[in-house]
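In our numbering, the protein residues as written are -14 to 48.
Below: the structure, in structure tokens.
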Amino acid sequence: MLLDECFYSCPYCGEPISLVLDLSGDDQSYYEDCSVCCRPIKLTIYSDGQGQLDRLLLQRDDE
-14 MLLDECFYSC PYCGEPISLV LDLSGDDQSY YEDCSVCCRP IKLTIYSDGQ
36 GQLDRLLLQR DDE
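Right, dumping it as structure tokens:
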């Protein structure tokens, strides 16, 4: 399993949050709650399959 810690801003509250991403597989999408405001964030991870992050989208649940 290839894990990578990244820091991004929450699309709701704008606060910086830490995300641990699993880059060992194909593209994936899942929800994770913001560690500050507890709102659900949809994460869409685009990986190259070699453990490198191509793109990460963070979206509000209401988008």
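Yeah, the Cβ is synthetic: ideal placement off N, Cα and C, and Gly gets one too.
{"Check": "Short check: CB of I26 to CB of C(-9), under 9 Å?", "Outcome": "no"}
{"Check": "Cβ of L28 within 9 Å of Cβ of L6?", "Outcome": "yes"}
{"Check": "Quick one: what does DSSP say Y(-3) is sitting in, helix, strand or coil?", "Outcome": "coil"}
{"Check": "Can you list, in chain order, the residues of its chain with a C-beta nearer than 8 Å to that of T11? Leave out the 5 residues immediately preceding and following it.", "Outcome": "Contrary to the premise, residue 11 reads as Asp rather than Thr in this sequence. Around D11: S32, G34."}
{"Check": "Please report the distance separating the alpha-carbon of Q37 from that of L4.", "Outcome": "15 Å"}
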